[in-house]
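Listed in order, the protein sequences are those of chains A and B.
For the first sequence, our numbering gives the first residue as 2, with consecutive numbering after it.
For the second sequence, our numbering gives the first residue as 344, with consecutive numbering after it.
Here a beta-carbon is modelled for each residue, glycine too, at the ideal position from N, C-alpha and C.
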Amino acid sequence: GENVEQHPSTLSVQEGDSAVIKCTYSDSASNYFPWYKQELGKRPQLIIDIRSNVGEKKDQRIAVTLNKTAKHFSLHITETQPEDSAVYFCAARAGNFNKFYFGSGTKLNVKP
Amino acid sequence: NAGVTQTPKFRVLKTGQSMTLLCAQDMNHEYMYWYRQDPGMGLRLIHYSVGEGTTAKGEVPDGYNVSRLKKQNFLLGLESAAPSQTSVYFCASSYAGPYEQYFGPGTRLTVT
């Protein structure tokens, strides 16, 4: 089955700096890659997603890039703010199965 | 439009007791999922369903059973609870295909 690895596990940045979180996947048939933000005690919330026919997608301060050849995708947050502090999860939807596989999460801390 | 709801929100069980967690969605989604989330780990898929009357195993199905008798409901059962099942359980639903999953608020289960 699919295997999703996420790095780093923790990331601390100064307010205004950029943050990058990287994920790799193993199943070349995976076709959908969402990113979720989870605040303490809350449910995961989708912040951005990308499909396998697209290389990059941007939404204001957040962007995701996908390299299908290398089987990795990354989340980029620019001009970070304290309210960006949370745990971020990447996921991959296995191509031939209706299942999602999640990375282990990155705890982002944005220092004011 | 309530989205995805879960009951109960919290539960404490003694080892060997049984219980059922209920997930309900009002978005007419075909797919529904049950995940567990343990500290320092991502979401792990327990069981999922691609339609009314169908269920399938995920990554960690042992000790759990599910049923989907109605399209809008997905039940997760623990027949004989064990301390290893202490976790936060999230339900999610989505349209068929590579689309966003919507998560419920979670159920915090403690087994003593």
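Neighbour flag for residue i against chain B, beta carbons, 8 Å
i, result
"leucine 47 of chain A", "yes"
"serine 105 of chain A", "yes"
Proximity to residue i [Cα-Cα], best of the options
i, options, result
"tyrosine 432 of chain B", "A:Gly17, A:Arg44 and A:Tyr33", "A:Arg44"
"isoleucine 49 of chain A", "A:Gly42, A:Arg62 and A:Leu41", "A:Arg62"
"cysteine 24 of chain A", "A:Ser13, A:Lys69, A:Asp60 and A:Leu41", "A:Lys69"
"threonine 348 of chain B", "B:Gln415, B:Ala439, B:Ser423 and B:Thr453", "B:Gln415"
"tryptophan 36 of chain A", "A:Lys100, A:Phe74 and A:Gly17", "A:Phe74"
"valine 393 of chain B", "A:Asp60, A:Lys100 and A:Gly104", "A:Lys100"
"serine 10 of chain A", "B:Ser430, B:Gly383 and B:Thr398", "B:Gly383"
"lysine 400 of chain B", "B:Tyr376, B:Asp381, B:Leu386 and B:Leu421", "B:Tyr376"
"leucine 67 of chain A", "A:Asp60, A:Arg52 and A:Ile78", "A:Arg52"
C-beta neighbour in chain A for residue i, strict 8 Å
i, result
"valine 393 of chain B", "yes"
"glutamine 368 of chain B", "no"
"leucine 386 of chain B", "yes"
"glutamine 444 of chain B", "yes"
C-alpha distance - residue i paired with residue j, whole-angstrom precision
i, j, result
"glycine 368 of chain B", "serine 27 of chain A", "According to the sequence displayed, residue 368 of chain B carries glutamine and not glycine. Each residue's alpha carbon lies about 31 Å from the other."
"glutamine 428 of chain B", "glutamate 80 of chain A", "40 Å"
"leucine 12 of chain A", "leucine 76 of chain A", "13 Å"
"proline 426 of chain B", "threonine 455 of chain B", "6 Å"
"glycine 106 of chain A", "glutamate 395 of chain B", "32 Å"
Buried or exposed (CB count within 10 angstroms, at least 16 for buried), residue i
i, result
"phenylalanine 90 of chain A", "buried"
"histidine 390 of chain B", "buried"
"aspartate 85 of chain A", "buried"
"glutamine 82 of chain A", "exposed"
For residue i: DSSP bridge partner residues
i, result
"tyrosine 26 of chain A", "A:Val5"
"glutamine 380 of chain B", "B:Leu386 and B:Val431"
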